[in-house]
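>
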Amino acid sequence: MKEKMMDGLQRFSKAMFIPVLILPIAGILIALGNVFTNQRLIETVPFMDNPITTGFGTILSGSLVSILSNLGLIFCVGLTVGLAKKKKAEAGFTAVLGYLVFINAMNKFMELSGLLIEAESLQGTGQASVLGVQVLDMGVFLGILLGVVTAMVHNKYVEKEFNNAFQIYGGSRFVFIVLIPVVVLLAIAFTYIWPFFQTGINNLGVLINQSGNFGLFLYGMLERLLIPTGLHHLVYTPFLYSSLGGVQEVGGQIFEGARNIYFAEIADPNVSVLSPSVIWDARGISKMFGLIGACLAMYQTASPEKKQQAKAILIPAAVTSFIAGVTEPIEFSFMFIAPILFVVHSVLSGLSMVVLNLFNVRAIGPNGFIDFILYNIPLGQEKTNWIMYIVVGLMFFAIYYFTFRLLITKLNLKTIGREDDGQETKLYSKQDYKESKGSKDVATQTGTKDTGLASTIVGALGGADNIQSVTNCYTRLRLVLEEPDKVDESVLKNETGANGIIVKGQNVHVVYGLQVESVRKAVDKYLGIAEEE
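Numbered per our numbering, the sequence shown spans residues 17 to 549.
(1) I'd like to know if the segment 91-108 and the segment 158-176 are in contact, where contact means that at least 3 CB-CB pairs between them fall below 8 Å.
(2) Once you ignore the five residues that flank G438 on each side, which residues in its own chain have a CB closer than 6 Å to its CB?
(3) Following the continuous beta strand (DSSP E) through I518, name the residue where it begins and the one where it ends.
(4) Buried or exposed for I380, going by 16 or more other Cβ atoms inside 10 Å?
(5) Determine the burial state of S534: buried for a count of at least 16 other Cβ atoms within 10 Å of its Cβ, exposed for fewer.
(6) Between the alpha carbons of V539 and G516, how many angstroms are there, rounded?
(7) Under a Cβ-count criterion, where at least 16 other Cβ atoms within 10 Å of its own Cβ denotes burial, should K541 be classed as buried or exposed?
(8) Measure the CB-CB distance between M369 and A298 and report whether it falls below 9 Å.
(9) Tell me the rounded alpha-carbon separation between A144 and P332.
(10) Is the separation between the beta-carbon of P35 and that of I90 shorter than 9 Å?
(11) What are the boundary residues of the alpha helix (DSSP H) that includes N488?
(12) Across the segment 470-478 and the segment 386-396, are there enough close Cβ pairs to call them in contact, namely three or more that are closer than 8 Å?
(13) For T425, tell me which candidate among F358, G306, M314 has the shortest Cα-Cα distance.
(14) Classify R299 as helix, strand or coil using the three-state DSSP reduction.
(15) Grab me the residues of D466's own chain with a C-beta within less than 6 Å of its C-beta, minus the 5 sequence neighbours each way, in chain order.
(16) Just curious, the beta strand (DSSP E) that N276 is in, first and last residue?
(17) Does the Cβ-Cβ distance between G236 and K322 come in under 9 Å?
(18) Could you give the first and the last residue of the continuous beta strand (DSSP E) run that contains L495?
(19) For F233 and R378, what's the separation of their Cα atoms in angstroms?
(20) Report the start-end ranges of each alpha helix (DSSP H) in the segment 104-174 that is 4 residues or longer and not cut off at the edges.
(21) In the DSSP assignment, the alpha helix (DSSP H) including Q324 goes from what residue to what residue?
(22) Mapping the DSSP letters down to three states, classify F271 as helix, strand or coil.
(23) By the three-class DSSP mapping on this structure, what secondary structure does N523 have?
(24) Could you spell out the range, first to last residue, of the beta strand (DSSP E) harbouring Q264?
(25) With C-beta atoms as the reference, is F230 less than 9 Å away from G309?
(26) Can you round the beta-carbon distance between T400 and L290 to whole angstroms, since I take them to be within the 8 Å contact cut?
(27) If we define contact as Cβ-Cβ less than 9 Å, is I393 a contact residue for chain D?
(28) Any contact between the segment 108-116 and the segment 74-85? By contact I mean 3 or more CB pairs, one from each, below 8 Å.
(29) For L610 versus A334, is the C-beta spacing smaller than 9 Å?
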């Protein structure tokens, strides 16, 4: 039972990446639009004071903010596509139909029951306008619910076929036929059930907000601690995209979730100070500063004869963390060989968020220095207090450095460059991490006709017959294997450039970093998996 539950959570976590990873792109473009409408910048750069650039900025920001108002639909389609095992495109189309049926069924049932509220503003009433239809305000949870339900129906009935005149009703058409009564019944049921859920969610949000800095600390710590399980996305996603992360009216519209509020506020020139809820997205201190200090500590505590090897490994890992926010190459270097360092890292990550809140810092850098510049600099110091963000970052650089150095030396931890005699110096699970993109330019290899890398990966996973499914997230190749015991970790680490391997039941994660998309395509091609599937 426990294994099935973990398997379900793993699949759900993987599917969440489809809607979640597209939203930062919208945020960056909203910030770009804000550059062209920033009054201070316009006064400083006179040539920007014209209707073309300001109009472009207004249109860009205004059009993309609409994405935040329809997260339910985005998550519904994204989750359905992610969870569908076959015919993903048809599953996504069915999800849109199911979403439309749900909101209209709920609206009509509420109208017949006399539950619709007539008011100029629906704020605080528990109801909202979704795609122009007044329903209960379920927010992103509606998309999650319908995404899971649609995927379950799709996976069960998408291969159902009929003979003769009924052939046209098979496949995805039959999925929609089955989905209609399911969705209508859910709409009726949740008309009565959701208010209780909403009350619970609101109470939880109040509890978290009332717990103040302790809540932030717990959130930041758990978001790191759950990385080995791959379930850390389930910690931060509700806070970024649901009412748990705050509810704020911006420009006459209601937005829920820390990142949604942030994106809406940076697009609104009338907002002079960002909301405190933004702090739930302040995960960049450990990525941009803390782990860099940890790398310096590991380098300086390395054995003299291994310092050059450690340097060649740690510098590109540190650069990747600082620039792109990909921390796994560093974290996996001590996660298993010195777990106490990973616990300390998690605690310091949570503590960094508390310190940012204490200094009233509203700047964010969720994916490294590039995001930090694009999101915060155009908004100005007054709106984000980004200068103090850097000051806090330097503080934590020093804290990480001295804490890691003390623990490594006092406990004689076998971090990079301190391995026993005869043991190879490597980034835990990568043999030659000597270039800024890693030891093996996976993207280059997989772009050729040479299938040697994919063949090696598949062989190390127990062969093609042992692989049930292949997906990927931002940095990990995620697989479901028939027999996980057949995994040859040494081959994956030493011959394919993997940063780490995590086995949880039948779920196996192989960490490749930013090149994982190319690895996934190579493996799919080798296995003969069609792109749509």
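Glycine included, every Cβ here is placed at the ideal spot set by N, Cα and C. The structure displayed is predicted, hence computed values, not measured ones.
This is what the structure gives:
(1) yes
(2) Low per-residue confidence applies at G438: pLDDT is 48, beneath 50, and the placement is therefore not dependable enough to give any value.
(3) 516-520
(4) buried
(5) buried
(6) 18 Å
(7) exposed
(8) yes
(9) 48 Å
(10) yes
(11) Counting along the chain, N488 falls outside any alpha helix (DSSP H), though it belongs to the beta strand (DSSP E) covering 483-488.
(12) no
(13) M314
(14) coil
(15) Confidence in D466 is poor, its pLDDT being 43 and thus under 50, which makes the residue's placement unreliable; the coordinate value appears in the next sentence. No residues qualify anywhere along the chain.
(16) Premise fails: N276 lies in the alpha helix (DSSP H), 274-283, not in any beta strand (DSSP E).
(17) no
(18) 492-497
(19) 16 Å
(20) 104-128, 155-173
(21) 323-340
(22) strand
(23) strand
(24) 263-266
(25) no
(26) 6 Å
(27) Here there is only one protein chain, and chain D is not present.
(28) no
(29) Outside the modelled stretch of the chain, which goes from 17 to 549, sits residue 610, for which no answer is possible.
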